[in-house]
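Report on one structure; see the data block that follows.
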Amino acid sequence: MRITQGCFSFLPDLSDAQISAQVEYMLSRNWAVSIEHTDDPHPRNTYWEMWGNPMFDLKDAKGVMLELDDCRKAHGQSYIRLQGFDSTRGFETVMMSFIVNRPTVEPKVHMQRTDVDGRSQRYAWDVRR
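Residue numbers for the sequence shown follow my numbering, beginning at 47 and rising by one.
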């Protein structure tokens with residue numbers, strides 16, 4: 047099963063040229079770009095580990111791609127995502143987020159639904175690799 051979070055998640059993995067084009071788009075909008083990684087891609091896990099600081103005032107996608115290559119070398123079997131932040135309203139707002147690296151074997155989530163009192167339902171899940 048493929049984890050589907052963020053933009054482009056239902057498409058095949060983006061090539062580095064396609065990733066670079068998306069970074070150019072973010073930079074053309076004056077968004078700060080950040081790189082994050084995790085081993086736990088659960089949708090409620092919104093706080094992934096940051097790779098360095100967000101890249102404010104960056105004007106060229108090559109800088110992001112160099113940092114992404116370093117992150118891939120260090121965390122090649124983790125999920126890695128890029129995010130674009132807009133600060134025009136005085137606070138950072140995530141405008142774009144997409145996965146750029148996945149482990150070779152993605153975890154499978156097994157969901158178990160149980161009907162309980164009346165029309166209530168309870169859910170339990172576990173991750174299987």
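Note that beta-carbon positions come from the ideal geometry of N, C-alpha and C, so glycine has one too.
As the structure is a prediction and not an experimental result, all values here were calculated from the model.
Could you tell me how far apart the beta carbons of Gln129 and Met142 are, in whole angstroms, since I believe they sit closer than 8 Å? 7 Å
Considering only C-alpha positions, which residue in the set Asp85, Asn91, Ser80 is nearest to Gly98? When each option's Cα is compared against that of Gly98, the closest is Ser80.
So Gln123 is in the beta strand (DSSP E); what residue range does that whole segment cover? Element bounds for Gln123: n/a, residue is neither H nor E.
Going by beta carbon distance, what residues of the same chain come within less than 7 Å of Gly29, once the five residues before and after it are set aside? As shown, the chain starts at 47 and ends at 175. That puts residue 29 outside it, with no answer to give.
Near Phe102, what residues of its chain come up, given a Cβ to Cβ distance below 8 Å and the 5 sequence neighbours on each side ignored? Ala78
Residue from Lys119, Pro58, Glu70, Asp163 with nearest C-alpha to Ala107: Glu70
What do you get for His83, buried or exposed, if any count of 16 or more other CB atoms within 10 angstroms of its CB means buried? buried
Bridge partner(s) assigned by DSSP for Ala67: DSSP, once it has assigned bridges, lists no residue as partnering Ala67.
Using C-beta distances below 8 Å, list every residue in its chain close to Arg96, excluding the 5 sequence neighbours before and after it, in chain order. Looking at the sequence itself, residue 96 is Met, so the reference to Arg does not match. If we look at Met96 and ignore the five residues flanking it on each side, its Cβ neighbours are Ser80, Ile81, Glu82.
Of the residues Thr160, Arg148, Asp172, Val162, which one's Cα is nearest the Cα of Cys117? Closest in C-alpha terms to Cys117, from the list Thr160, Arg148, Asp172, Val162, comes Arg148.
Round the Cβ separation of Arg48 and Glu152 to the nearest angstrom and send it over; I've been treating them as touching at under 8 Å. 6 Å
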